[in-house]
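First up is the structure itself, then whatever we jot down about it.
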Amino acid sequence: MNAMDSTPDSDQLFLANPHSPSAVQNVAEDSEQSSEAAKHLIGSLKRRWWYYLLITAIAGGAGYFVAKEYGSYVYTAYTQVRAQTLPFPPGKAYYVPPAIEDFAGYLSHPQVVAALQEDYGIVPDPTGKEQLVEHKYDRSTKVITVQMSRAAAAEAAAVANQVVQDAIALSLSERKQSLADSLRYFSSLVGEAEAEAASKRQAKADRLSALKTRFAKDRGAELAYEEVTELVSRKREHVAKLEDELEDAQRLRDVLSKDQQELLAKAAEEPLETVREELTTRKSEYADKSAQAREIDALLARLDKLQGKEITSSEELYATLGELSKIAGREVSISERDIEQATRIDDDMYKLRNQLILLPRKLEAERQDLSSAIDQRAGMAIADEMDFENTPEILELTAQIERAERSVEEITNAVSWVTDMQALETPVYEQLVVASPETAIPDGNQKKLFVLVFGGIGVVLGMPLLMFDIIRPPSTPSQRLSKQFGISMLATHELIGKSIPNRQLEANDPELRLLALRIQQAARTSRGSVVLFSSLADHVGTADLTTTVAKCLAAREERVLVINLEPIAENRKGLLASPRGRHEINSVPHLVASPVNGNQRPELDSDQLGVPAEVVTEDGEILSVSEESADGGRFGLAMALAGATKSPDDVLVFHGEDGIDRLELGEGELPVEAFASPLMTKLLDKYRNEYSMVLLSGPAAKHVADVQMLASRCDGTLFVAPKRGSLTPRAHRIIEDLVASRNPIMGIAEIPT
1 MNAMDSTPDS DQLFLANPHS PSAVQNVAED SEQSSEAAKH LIGSLKRRWW
51 YYLLITAIAG GAGYFVAKEY GSYVYTAYTQ VRAQTLPFPP GKAYYVPPAI
101 EDFAGYLSHP QVVAALQEDY GIVPDPTGKE QLVEHKYDRS TKVITVQMSR
151 AAAAEAAAVA NQVVQDAIAL SLSERKQSLA DSLRYFSSLV GEAEAEAASK
201 RQAKADRLSA LKTRFAKDRG AELAYEEVTE LVSRKREHVA KLEDELEDAQ
251 RLRDVLSKDQ QELLAKAAEE PLETVREELT TRKSEYADKS AQAREIDALL
301 ARLDKLQGKE ITSSEELYAT LGELSKIAGR EVSISERDIE QATRIDDDMY
351 KLRNQLILLP RKLEAERQDL SSAIDQRAGM AIADEMDFEN TPEILELTAQ
401 IERAERSVEE ITNAVSWVTD MQALETPVYE QLVVASPETA IPDGNQKKLF
451 VLVFGGIGVV LGMPLLMFDI IRPPSTPSQR LSKQFGISML ATHELIGKSI
501 PNRQLEANDP ELRLLALRIQ QAARTSRGSV VLFSSLADHV GTADLTTTVA
551 KCLAAREERV LVINLEPIAE NRKGLLASPR GRHEINSVPH LVASPVNGNQ
601 RPELDSDQLG VPAEVVTEDG EILSVSEESA DGGRFGLAMA LAGATKSPDD
651 VLVFHGEDGI DRLELGEGEL PVEAFASPLM TKLLDKYRNE YSMVLLSGPA
701 AKHVADVQML ASRCDGTLFV APKRGSLTPR AHRIIEDLVA SRNPIMGIAE
751 IPT
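So the sequence shown is residues 1 to 753, counted in UniProt numbering.
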């Protein structure tokens with residue numbers, strides 16, 4: 001998106017478009033005052049930020065000096081401790097070296113706390129919420145920083161050093177005791193480990209002897225191997241037989257289950273149908289709606305529900321027959337043969353279920369026996385080859401012996417290491433930094449308090465000026481005028497000028513591009529928009545601002561026409577100024593002249609600069625730029641409005657190389673009602689259809705009649721005021737008249753002069 005498309009908040013820049021006086025007068029007074037106060041507050045902060053910053057910094061510095069020289073502090077002394085790099089014990093399994101994190105426990109040890117209470121009278125917090133000695137651990141450097149706060153720097157340093165030294169001495173004492181305990185423990189472990197290793201070695205020797213005795217190469221050993229081989233074969237056959245029996249039992253279970261369901265269904269179907277026939281016959285003996293008939297219908301419904309029930313066992317069959325007996329009012333039974341067959345099937349199913357439970361268990365046991373026999377035969381085969389050392393049992397015993405011997409070696413080394421450490425007496429921790437009164441730091445909270453208090457005093461000292469900026473009236477005449485009539489300030493010194501005198505207006509200025517965007521949005525109509533620029537001061541022109549805004553609009557792909565009506569002469573008719581109003585067309589550089597309704601534009605000679613001396617029109621007539629033509633001259637707008645022509649098509653427009661078309665006032669004198677003439681109305685209507693934006697660089701506000709006539713034919717009027725200097729005496733009148741006549745006013749733009 002183009003940078004010109006960004007729009008700031010509307011309350012800072014633009015636009016009030018009072019099409020009627022009531023739209024301005026009906027604004028609530030309190031809302032207007034609060035809005036103005038906010039604007040003045042923001043403006044004051046922008047203009048005088050350096051003042052508030054300077055006075056606050058001075059007051060804060062004074063507070064810091066007072067706090068440093070005369071404040072009472074609590075001094076904090078710092079010291080640092082780290083763990084010693086001690087020889088690591090061999091084996092790494094029987095002793096854990098001390099860690100720096102463990103030192104925090106020694107700082108709060110009862111012996112250390114008692115020493116502080118006895119020497120310095122420091123009593124710990126009975127609730128335990130506050131630590132007596134504060135410490136911080138840095139994981140990156142593996143260092144603990146111990147800090148102690150006291151009223152005097154020397155006392156804080158002495159207490160910090162004593163706490164650390166007492167903790168280091170306590171850790172050394174505990175380390176000696178730990179080494180003594182470790183020595184006793186390791187000594188007892190050595191005897192146990194040596195006994196276990198000797199036991200493993202003896203077990204291995206006994207097992208090897210047994211294997212050699214049992215599996216000697218003789219006939220008996222060979223027969224034993226053949227017997228094991230035959231046992232393996234029998235076990236395999238037995239396992240295969242059990243698997244076949246299990247499959248047969250499962251198939252028989254499926255067959256019996258199917259026969260049982262068919263038999264039960266058949267046995268239950270006949271009594272159900274018999275009872276249904278009896279109920280139907282009984283119902284025919286009664287009337288359709290009698291009580292007896294309704295009762296029989298209820299029994300038939302119960303019968304239908306019972307008939308839809310699936311019977312899967314003899315017990316369910318007997319229950320169904322009992323229900324039928326209640327419905328039929330008599331005992332309903334089935335044949336004795338069907339009952340016997342159903343009972344026999346139930347017994348077979350019961351036996352089969354037990355068999356299906358036992359067979360898998362038996363099969364699993366036989367498979368385990370088979371696996372054991374196979375392993376036994378494999379071991380016998382190895383023994384038969386005299387390779388006793390590689391049997392699984394002997395290999396496991398050998399591994400156990402190796403582990404026991406390694407354990408004995410590690411424990412022996414640990415005993416030697418503990419003995420050496422007892423003789424060395426190296427402290428576990430060392431103090432890297434010793435606390436001193438010179439390095440003790442006073443508490444900074446009191447300094448911050450003094451700085452905040454004096455900084456607040458500075459803010460209070462700056463409040464009168466700030467309140468004056470809020471309640472004071474607008475500083476420029478144009479601001480007072482805009483406040484009186486409720487007109488927005490399109491561009492103040494914060495937007496255009498930046499308080500730099502004689503600043504050149506440039507098309508790439510972001511504030512001007514924003515101003516052009518606001519004008520484009522506010523003046524948008526279904527056809528082209530016509531905007532009038534008029535100056536509220538005699539010494540401020542509108543041509544530069546109009547041209548710059550036109551360039552910004554052209555950059556936004558708008559087709560722009562600039563009509564220069566600024567050089568109004570003050571001659572005999574009171575509306576024209578001479579000789580300044582006699583503005584020749586060739587005074588505008590880099591333009592090409594052609595009729596507006598022409599399809600082709602005349603070309604310039606390559607050796608010419610500026611505007612050509614002659615122009616050829618559509619009908620072949622050669623016109624002079626600096627002299628009038630035979631029919632009275634058709635170049636300047638002044639000639640056309642003075643009656644030189646009656647057709648808007650004869651008014652000449654110059655097409656610039658910068659993409660902006662221009663129409664100059666030219667030579668001639670304007671009648672009093674020139675801007676209210678039908679030709680002026682036709683011209684503006686014609687240009688509305690041909691251009692998207694038509695900018696009129698109009699006369700100053702002192703020409704009240706001309707401005708009123710032009711404003712009534714435009715979509716909006718933009719007044720230009722100087723940032724410094726006075727306005728024309730008629731500025732108030734022209735705005736009052738436009739508001740009264742309901743002509744749209746876009747606002748007032750302040751520009752540097």
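By construction, the Cβ of each residue, glycine as well, lies at the ideal position given by its N, Cα and C atoms.
Exposure of L54 is indicated by the presence of fewer than 16 other C-beta atoms within 10 angstroms of its C-beta. R713: not part of any alpha helix (DSSP H); DSSP gives it neither H nor E. Taken through DSSP and simplified to helix, strand or coil, I411 comes out as helix.
Comparing alpha-carbon positions, the option among R730, Y137, Y51, E155 lying closest to Y75 turns out to be E155. Taking each of A440, E690, V159, E134 in turn and checking the Cα distance to G528, the smallest one comes out for E690.
Within 10 angstroms of the beta-carbon of E247 lie fewer than 16 other beta-carbons, which makes it exposed. Rounded to the nearest whole angstrom, the C-alpha separation of G659 and T681 is 25 Å.
R276 and Q250 have their C-alpha atoms roughly 39 Å apart. The residues T79, V434, A435, in chain order, have a CB closer than 7 Å to that of N161 in the same chain once the five nearest residues on each side in sequence are set aside. Fewer than three pairs of CB atoms, one per stretch, sit closer than 8 Å, so the region 662-670 makes no contact with the region 510-520. A676 and L683 have their C-alpha atoms roughly 11 Å apart.
For P722, the pairing in a beta bridge is given by DSSP as I751. Of the residues Y106, T145, R556, E196, the one whose Cα lies closest to the Cα of E405 is E196. Looking only at N564, A554, S712, the smallest Cα-Cα distance to E657 is reached by A554. Under the three-state reduction of DSSP, G541 is assigned to coil, being neither helix nor strand. V164 is a Cβ neighbour of V146, given a cutoff of 8 Å. Rounded to the nearest whole angstrom, the CA to CA distance from R282 to I357 is 52 Å.
Distance from the CA atom of R559 to the CA atom of K702, rounded to whole angstroms, is 30 Å. When the Cα atoms are used, L432 and A77 turn out to be separated by approximately 14 Å. In the DSSP assignment, R733 falls outside any beta strand (DSSP E) and within the unbroken alpha helix (DSSP H) covering 731-740.
When E273, A203, T280 are compared, the shortest CA-CA separation from A399 is found for A203. Rounded to whole angstroms, L637 and T542 show a C-alpha spacing of 18 Å. Using a Cβ distance threshold of 8 Å, A157 and P437 count as a contacting pair. Contact between the region 102-118 and the region 179-196 is absent: fewer than 3 CB-CB pairs across the two stretches fall below 8 Å. Listed in chain order, the non-local C-beta contacts of E366 below 8 Å within the same chain comprise K235, H238, V239, L242, local neighbours out to five positions each way being set aside. In the three-state reduction of the DSSP assignment, L670 falls in the coil class, being assigned neither a helical nor a strand state. Our two residues, T391 and K200, have alpha carbons roughly 16 Å apart in a direct line. In the displayed model, E566 falls within coil according to three-state DSSP, outside both helix and strand. Measuring C-alpha to C-alpha distances from K142 to each of A674, Y429, L670 identifies Y429 as the nearest. Per DSSP, Y429 lies in no alpha helix (DSSP H) segment; the continuous beta strand (DSSP E) that holds it begins and ends at 429-433. L536 is a Cβ neighbour of L727, given a cutoff of 8 Å. A direct Cα-to-Cα measurement between D420 and Q84 gives close to 16 Å. When the beta-carbon positions are compared, V562 and T546 come within less than 8 Å of each other. If you check the CB distance, V415 and E194 do not come in under 8 Å.
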